[in-house]
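Following: one structure in structure tokens, then a few remarks.
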Amino acid sequence: MKKISIIIYFAFLIIISACQSEEVTYQIELKENNEIISSAGKQQLNSEDTGKGVYLTFDDGPTSVTKNILDTLSQFNAKATFFMLEPAMRKYPDVVKRIAEDGHGLGIHGVTHDVNQFYTSEQSALEEMITAQETLQDITDVRSKLIRTPYGSIPYLTESYREVLDSNGFHLWDWNVDSSDWSLSGDKYIDSIVNQIENLASAEETSIVLMHDQEETANHLSLLLTYLSENGFQTKKIGENIEPYNFSCYDRCHSLNSSQN
1 MKKISIIIYF
11 AFLIIISACQ
21 SEEVTYQIEL
31 KENNEIISSA
41 GKQQLNSEDT
51 GKGVYLTFDD
61 GPTSVTKNIL
71 DTLSQFNAKA
81 TFFMLEPAMR
91 KYPDVVKRIA
101 EDGHGLGIHG
111 VTHDVNQFYT
121 SEQSALEEMI
131 TAQETLQDIT
141 DVRSKLIRTP
151 YGSIPYLTES
161 YREVLDSNGF
171 HLWDWNVDSS
181 DWSLSGDKYI
191 DSIVNQIENL
201 ASAEETSIVL
211 MHDQEETANH
221 LSLLLTYLSE
231 NGFQTKKIGE
241 NIEPYNFSCY
251 DRCHSLNSSQ
261 N
């Protein structure tokens, strides 16, 4: 009888151990689901970002006012990502270095920012990105894979262009909040951004804001950062481990003859 009791006891321990092992496995899977890891191994805009995460991005720089933008970001302890043009990086290498030193995201935007030159062929688009990538690396020792094409990925960036850029390791990023800072005077672009961010937040979607390295943007950036801070939003830089956001045809598909911003 004593022998049978011992056998039952050990059988019970084995069952408990198996259950505990299954529980640990389940917890690990749950953690991965919370982080929303894609099949490609990249982290998507996760649950912590949804609604309250904001990715500020600046295109076409650096320029003479990028230092002011960096100063303002520093005052608010805010992070951003800069998609930079190759000639501008060569003109303002010290600013590029500071962008890196301040912990912001480093992205590339090509060389010419000219539709007729950049989109001449798949090879011309690739060569512009590689040239900008190499210049950025020469200045910062960082070989960035983050890119944004001139005027966004629709309509010019066809599937064949995408395949070439993707096969060369580049991560293409668009935006879902257009500040229109290139066309709105004064601080009007702030209202435009805030309205779009609030709409996305109500739908629990993360905002990716397009701005530019220009004087009006720099002059009023503190208003935007004040709003974000007071309303519980957190600014973050884009990392290469995040699944890129790209346009859909919902609001970007139009004729190639349409005017481009």
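In full-length UniProt numbering, the protein residues as written are 1 to 261.
Positions of the beta carbon are idealized from the N, C-alpha and C atoms, including for glycine.
Quiz item: Enumerated in chain order, which unbroken segments of the alpha helix (DSSP H) with a length of 4 residues or greater are wholly contained in the region 118-206?
Solution: Qualifying alpha helix (DSSP H) stretches, in chain order: 122-140, 159-167 and 188-202.
Practice problem: Within the same chain, show all residues whose beta-carbon is closer than 6 Å to that of T66, passing over the 5 residues directly before and after it, in chain order. | Solution: What you label residue 66 is simply residue 66 of the sequence shown in a count that begins at 1. The answer, listed in chain order, is V95 and D213.
Self-check item: Cα-Cα separation, G232 to H220
Solution: Your numbering for residue 232 matches position 232 in the sequence shown. Your numbering for residue 220 matches position 220 in the sequence shown. Approximately 20 Å, taken between the alpha carbons.
Quiz item: If you draw a straight line from the C-alpha of A218 to the C-alpha of N68, how long is it?
Solution: The residue given as residue 218 occupies position 218 in the sequence shown. The residue given as residue 68 occupies position 68 in the sequence shown. Rounded to whole angstroms, the separation of the alpha carbons of N68 and A218 is 6 Å.
Self-check item: Residues near V142 in its chain [Cβ-Cβ closer than 7 Å; skip 5 each side]
Solution: On the sequence shown, position 142 is the one that residue 142 refers to. Around V142, the same chain offers A100, L106 and L136 as residues with beta carbons nearer than 7 Å, after the five sequence neighbours per side are excluded.
Self-check item: For Y55, the residue or residues it bridges with in DSSP
Solution: Here residue 55 corresponds to residue number 55 of the sequence shown, with the count starting at 1. In the DSSP output, where bridge partners are listed per residue, Y55 has I208.
Quiz item: Pick from S121, T140 and Q123: whose alpha carbon is nearest that of Y92?
Solution: One-based indexing of the sequence shown puts residue 92 at position 92. For Y92, the nearest C-alpha among the options comes from T140.
Exercise. Could you check how far apart the C-beta atoms of Y161 and A125 are, in whole angstroms? I think they sit under 8 Å.
Key: Taking the sequence shown and counting its residues from 1, the one referred to as residue 161 is at position 161. Taking the sequence shown and counting its residues from 1, the one referred to as residue 125 is at position 125. That belief holds up - the Cβ atoms of Y161 and A125 are roughly 6 Å apart, short of 8 Å.
Quiz item: What is the residue span of the alpha helix (DSSP H) that L224 lies within?
Solution: On the sequence shown, residue 224 is found 224 positions in, with the first residue counted as 1. Counting along the chain, the alpha helix (DSSP H) containing L224 begins and ends at E215 to E230.
Quiz item: What's the gap between the Cα of N168 and the Cα of S153?
Solution: Taking the sequence shown and counting its residues from 1, one reaches residue 168 at position 168. Taking the sequence shown and counting its residues from 1, one reaches residue 153 at position 153. Straight-line measurement puts the Cα of S153 at about 17 Å from the Cα of N168.
Practice problem: Can you grab the Cα-Cα spacing for the pair M89 / D181, in whole Å? | Solution: In the sequence shown, the residue the question calls residue 89 occupies position 89. In the sequence shown, the residue the question calls residue 181 occupies position 181. If I take the Cα positions, the gap works out to 22 Å.
Quiz prompt | Cβ neighbour criterion (16 or more within 10 Å) applied to A201 | solution = Locating residue 201 in the sequence shown gives position 201, where the first residue counts as 1. It is buried - the Cβ of A201 has at least 16 other Cβ atoms within 10 Å.
Quiz item: Can you round the beta-carbon distance between I238 and T81 to whole angstroms, since I take them to be within the 8 Å contact cut?
Solution: By one-based count along the sequence shown, residue 238 stands at place 238. By one-based count along the sequence shown, residue 81 stands at place 81. Distance from I238 to T81 at the Cβ level is roughly 4 Å; contact confirmed, criterion being Cβ atoms closer than 8 Å.
Exercise. Taking R148 as the reference, give the member of K188, H109 and E243 with the closest Cα.
Key: Walking along the sequence shown from the start, residue 148 turns up at place 148. Closest by alpha carbon: H109.
Practice problem: Have a look at E215 and E127 and give me their C-alpha separation to the nearest angstrom. | Solution: Here the question's residue 215 lines up with position 215 in the sequence shown. Here the question's residue 127 lines up with position 127 in the sequence shown. Going by the C-alpha atoms only, they are around 30 Å apart.
Practice problem: Would you list the residues sitting across from M89 in a DSSP beta bridge? | Solution: As a first step, residue 89 must be located in the sequence shown, where it is residue number 89. Its beta-bridge partners do not exist; DSSP assigns none.
Exercise. Would you mind working out which of W175, S179, E134 and T112 sits nearest S248, comparing C-alpha positions?
Key: Taking the sequence shown and counting its residues from 1, one reaches residue 248 at position 248. Nearest Cα to S248 within the set W175, S179, E134 and T112: W175.
Self-check item: Whole-number beta carbon distance between T131 and V115, since they are thought to touch under 8 Å
Solution: Taking the sequence shown and counting its residues from 1, one reaches residue 115 at position 115. Taking the sequence shown and counting its residues from 1, one reaches residue 131 at position 131. Not quite, the Cβ-Cβ distance comes to about 17 Å (not below 8 Å), so this is no contact.
Practice problem: Report yes if the CB atom of E243 is closer than 8 Å to the CB atom of L146, and no otherwise. | Solution: Within the sequence shown, numbered from 1, the residue matching residue 243 stands at position 243. Within the sequence shown, numbered from 1, the residue matching residue 146 stands at position 146. For E243 and L146, no; Cβs fall outside 8 Å.
Quiz item: What did DSSP end up calling T81 once you bin it into helix, strand or coil?
Solution: Here residue 81 corresponds to residue number 81 of the sequence shown, with the count starting at 1. DSSP places T81 within a strand segment (E or B) once states are collapsed to three.
Practice problem: Give the DSSP bridge partners of L106, in chain order. | Solution: The residue you call residue 106 lines up with position 106 of the sequence shown. DSSP lists F82 as partners of L106.
Quiz item: According to the neighbour-count rule (16 or more other Cβ atoms, all chains shown, within 10 Å of its Cβ), is S185 buried or exposed?
Solution: Reading the sequence shown from its first residue, position 185 is the one you call residue 185. S185 should be labelled exposed.
Quiz prompt | Other residues of its chain near M211: CB distance less than 6 Å, five sequence neighbours each side excluded | solution = Locating residue 211 in the sequence shown gives position 211, where the first residue counts as 1. Within the same chain, M211 has close Cβ partners F58, S179, D181 and T217.
Quiz item: Considering only C-alpha positions, which residue in the set P62, S64, F83 and D166 is nearest to Y55?
Solution: Stepping through the sequence shown from its first residue, residue 55 is reached at position 55. Measuring from the Cα of Y55, the nearest candidate turns out to be F83.
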